[in-house]
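Residue numbers (our numbering), protein chains in the order written: chain W, 33 to 270; chain B, 33 to 270; chain Z, 33 to 270; chain D, 33 to 270.
Where is the CB? At the ideal position from N, CA and C, for every residue including glycine.
As structure tokens, the structure follows; a few thoughts come after it.
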DNA sequence: TATGAATGAGGTTTCATTCAT
DNA sequence: TATGAATGAAACCTCATTCAT
């Protein structure tokens, strides 16, 4: 549980005005088994242990993305790594929590990528465009994780975890939108709705053109950015 | 299988230039068990039977949407209707095929709604806006079915069925976009990509504001339509 | 039950010295359900009813032989005839008893055929050879029933029924063997054992060459007769 | 699958001119489930595991022979050994494959016995007689396995497996028959047909006298050998 | 740390049989 | 006579999790 919290701690970094999603949500996500408590009392892993853990995460990610969470058994995961079943429960309290961990790490990573791409830009519209582009690129490079997001959003069990991450992204965009509105660059419309719309465009177009059709991310990124700028009301150069 | 085909027949109504999705996809979706064949080769249901079947579909839809497909067992379904387990398999060849049937019926219904709302409009941009609004309204009125779409899209097993329906919607929009481009109303950009973007906006904004936050569909419909028109390049009046 | 008894009544015709298998065996085979009792109180079938019954028997025989008794459901049977499930239980008290009835009718028919072919012959060795040939021909003409025998012999439930029929055949052969021994035509060895051996040859060779390899029954009949005559000790012409 | 192949490997030992049954047949028999692959790709069993597995096989064999394959559930099997249901699927991929494994092991064992009894004999007729006797003895000592053969031969699902084993025995006998024919010891008749006839005699007489009537195997073995030698045309000493 | 073994509830599906109409 | 509907026990199999070693 503590581990999980740590995992998503990065999400809040430098986040101003972030909504208070609170840890209650997360706490609901994580069942408190004996193992969990053992885990949370600060177990240190040997280097070899860290590697095993990473192996398991890597393979589980691939399997979850390929066959789906429900169709992928713990047996599948450990078999792929070539270890016994007990090992899994040494490193993770449950299949469910492993999934949450992967999910949150992915969300953190994706956001970091966005932040990095935006860092040098001052103009709010530029930041939005760059952020959108970054998310397309990231999705292209992390097919598996992208699929995990998609699935997790539809499963009652993980819906909360998804919302936490999604809201973080949303509030980033909202800040830029507010700046743009304040600067008179775009009409004054509900920035949260706009942010969700942007996310929607980015998600579905990437899904279809990058993942299904295997097109080049550059083109998709351009198209998505264009569409979104138009959508939020930037007058087109024609 | 025959029944399933009939179920989605409406999707193609009056569709000119629709891509050839072919029935192969569908055929793969629907396993040809003995039961299926029995079903398709003319089983007549009595009025009482029709009612039972409808009950089961209704309750299953609710459960699938609430607990998720994988977390909802056949036992749950029949228990809710108050019948024995065998009854389920009297009316449906499997849990999987019931889900596909619900899915396809929903897609057909949703498209019918769009067509109806569009029928009186001549202007392609008006048709797009009206279609988008219709989909928001429909989603608002059919929370359960909307959730089913979301889930089905993420599950390998149903991905094909979803794509069939989605592509039908997409090609509707594409036709209107082509008309708008031909008429010089919007810039000449890849209409399929634009259509996917429109779908993305509609989906995610509806999900968040209508379903999660419970807002009024009218506002959401307006916002989505505005955003999409801007996105495809309609110059804003303001 | 009465019906079943009637069905095998022919087996005893003109049978001298037949072992007393008794009806106890049969009675154990047939469960006394309410339906059975109704059946046994002498229900008359209309001509149409007789036809339906015959249709069901014919189709069931084919299915039992093709898919096996256990893999063939009552649903399969009635579906093939195009009637409802209730009809089945109108004509037969159970799936099990239908099978027994088919089995016994087949045994009777097979024996009738043997008797017919033997009728004109006086020499005991000729009668044995003709009987063996007749059984090969009959098996060739009734693949389905032949398979039913094979299966029934291995299933605890029907083993008794099979033994009854088999013993009838055996005792026929035994009579001829005794005559041959008495006449000094063959060495004096246990005629029952010899009869079983003859049955074994006939069964397995027919199975392999007529049914599996689809060879001409004439050749097989010759070979089997030769082998059996040699086996019982007829000195070969060389 | 690999395991199964190993199981019947012994059947081919020293077999010259054996028909090419090919592994295709076997491959069809053995479904390639994930479990099977896991099994075949080197799962090591601990001594305790080996013992459990053997217990299960032993008890399953007894049950299959007693109640029949279809009437014996996995629940019955594990209950008899006093373990949970999952244990069964830890050791065997399915009930069906367990049966095939038992079947093939039995066939191998039976053939080994024959080979052993024949080893010291040079005369082809002696070898045939000894082989026949060996099969009677083996059947007497392995009632259960003998019944399994009988059943398996009648079930579509296992028919192929049975034919493989049966053909191996047949081709052994055929070799000896060919030698006898070449040496002018018996008339020149189709050796394969003769071999099937021998098998038939041996099977049915053993079934009746050893298993049903519980007679001494010695007498039966003598009788069967006599009958078969006569059948293939050895002139009787009178 | 790690493993193979074990658990047992729960999943989907089948099917002989009965019953109301 | 006949049908469609219903039953419900029981079949095979899966899997997250625990445990002894």
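What residues of chain D sit near residue i, judged by a beta carbon separation below 9 Å?
i, result
"residue 255 of chain Z", "221, 222, 225, 226 and 229"
Below 8 Å on the Cβ atoms is my contact criterion, and I expect residue i with residue j to pass it. Report the Cβ-Cβ distance as a whole number of Å.
i, j, result
"residue 134 of chain W", "residue 180 of chain W", "6 Å"
"residue 243 of chain W", "residue 178 of chain W", "7 Å"
"residue 110 of chain D", "residue 117 of chain D", "5 Å"
"residue 232 of chain B", "residue 263 of chain W", "The pair is not a contact, with the Cβ atoms about 11 Å apart (cut-off 8 Å)."
"residue 277 of chain B", "residue 248 of chain B", "No information on residue 277 of chain B is available, as it lies outside the stretch 33 to 270 that chain B covers here."
"residue 132 of chain B", "residue 190 of chain B", "7 Å"
"residue 267 of chain B", "residue 103 of chain W", "About 48 Å; that fails the 8 Å criterion."
"residue 95 of chain B", "residue 85 of chain B", "About 16 Å separates the two Cβ atoms, so there is no contact after all."
If you count every other CB in all the chains shown that lies within 10 Å of the CB of residue i, and 16 or more means buried, which is it?
i, result
"residue 212 of chain D", "buried"
"residue 241 of chain W", "buried"
"residue 79 of chain B", "exposed"
"residue 156 of chain W", "buried"
"residue 234 of chain B", "buried"
"residue 125 of chain W", "buried"
"residue 216 of chain D", "exposed"
"residue 123 of chain W", "buried"
"residue 204 of chain Z", "buried"
"residue 121 of chain D", "exposed"
"residue 207 of chain W", "buried"
"residue 163 of chain W", "buried"
"residue 82 of chain D", "exposed"
"residue 29 of chain Z", "The question about residue 29 of chain Z has no answer here: the residues shown for chain Z are numbered 33 through 270."
"residue 253 of chain Z", "buried"
For residue i and residue j, what's the separation of their Cα atoms in angstroms?
i, j, result
"residue 172 of chain Z", "residue 251 of chain Z", "12 Å"
"residue 202 of chain D", "residue 222 of chain D", "12 Å"
"residue 192 of chain W", "residue 112 of chain W", "29 Å"
"residue 246 of chain W", "residue 245 of chain Z", "54 Å"
"residue 167 of chain W", "residue 227 of chain W", "13 Å"
"residue 188 of chain B", "residue 89 of chain D", "38 Å"
"residue 198 of chain W", "residue 119 of chain W", "32 Å"
"residue 58 of chain B", "residue 138 of chain D", "Low local confidence applies: a pLDDT of 48 at residue 58 of chain B is under 50, so the model's placement there is unreliable, with the coordinate-based value given in what follows. So the alpha carbons of these two residues sit roughly 46 Å apart."
"residue 225 of chain W", "residue 239 of chain B", "11 Å"
"residue 258 of chain D", "residue 158 of chain D", "11 Å"
"residue 127 of chain W", "residue 75 of chain D", "24 Å"
"residue 152 of chain D", "residue 107 of chain Z", "57 Å"
"residue 93 of chain W", "residue 196 of chain W", "20 Å"
Would the beta-carbon of residue i fall within 8 Å of that of residue j?
i, j, result
"residue 218 of chain Z", "residue 265 of chain Z", "yes"
"residue 186 of chain B", "residue 186 of chain W", "yes"
"residue 288 of chain D", "residue 200 of chain D", "Coverage of chain D is limited to positions 33 through 270, which leaves residue 288 of chain D absent and any answer about it impossible."
"residue 175 of chain W", "residue 97 of chain W", "yes"
"residue 261 of chain Z", "residue 161 of chain Z", "yes"
So residue i contacts chain W; which residues on that side make the cut at Cβ distance below 8 Å?
i, result
"residue 194 of chain B", "Those within 8 Å of residue 194 of chain B in chain W number zero; the least Cβ separation is about 11 Å."
Please list, in chain order, the chain B residues whose beta carbon lies closer than 9 Å to that of residue i.
i, result
"residue 127 of chain W", "Within 9 Å Cβ-Cβ: nothing; residue 127 of chain W doesn't reach chain B, min ~13 Å."
"residue 120 of chain W", "None at all; the shortest Cβ gap to chain B is about 20 Å."
What does residue i reach in chain D if we use C-beta pairs closer than 8 Å?
i, result
"residue 241 of chain Z", "225 and 228"
Whose Cβ in chain D lies nearer than 7 Å to the Cβ of residue i?
i, result
"residue 102 of chain Z", "102"
"residue 232 of chain Z", "232, 233, 235, 236 and 237"
"residue 183 of chain Z", "186"
"residue 215 of chain Z", "Correct list: empty, because the minimum Cβ distance to chain D is about 16 Å."
What residues from chain Z crowd round residue i, counting only those whose CB sits closer than 9 Å?
i, result
"residue 188 of chain D", "98, 99, 100 and 103"
Going along chain W in order, which residues have a C-beta closer than 7 Å to the C-beta of residue i?
i, result
"residue 246 of chain B", "Going along chain W, no residue has its Cβ under 7 Å from residue 246 of chain B, so there is no contact; the nearest lies around 14 Å."
Closer than 7 Å by beta-carbon distance: list the chain Z residues that pair up with residue i, in chain order.
i, result
"residue 112 of chain D", "Chain Z residues near residue 112 of chain D: none, gap ~18 Å exceeds 7 Å."
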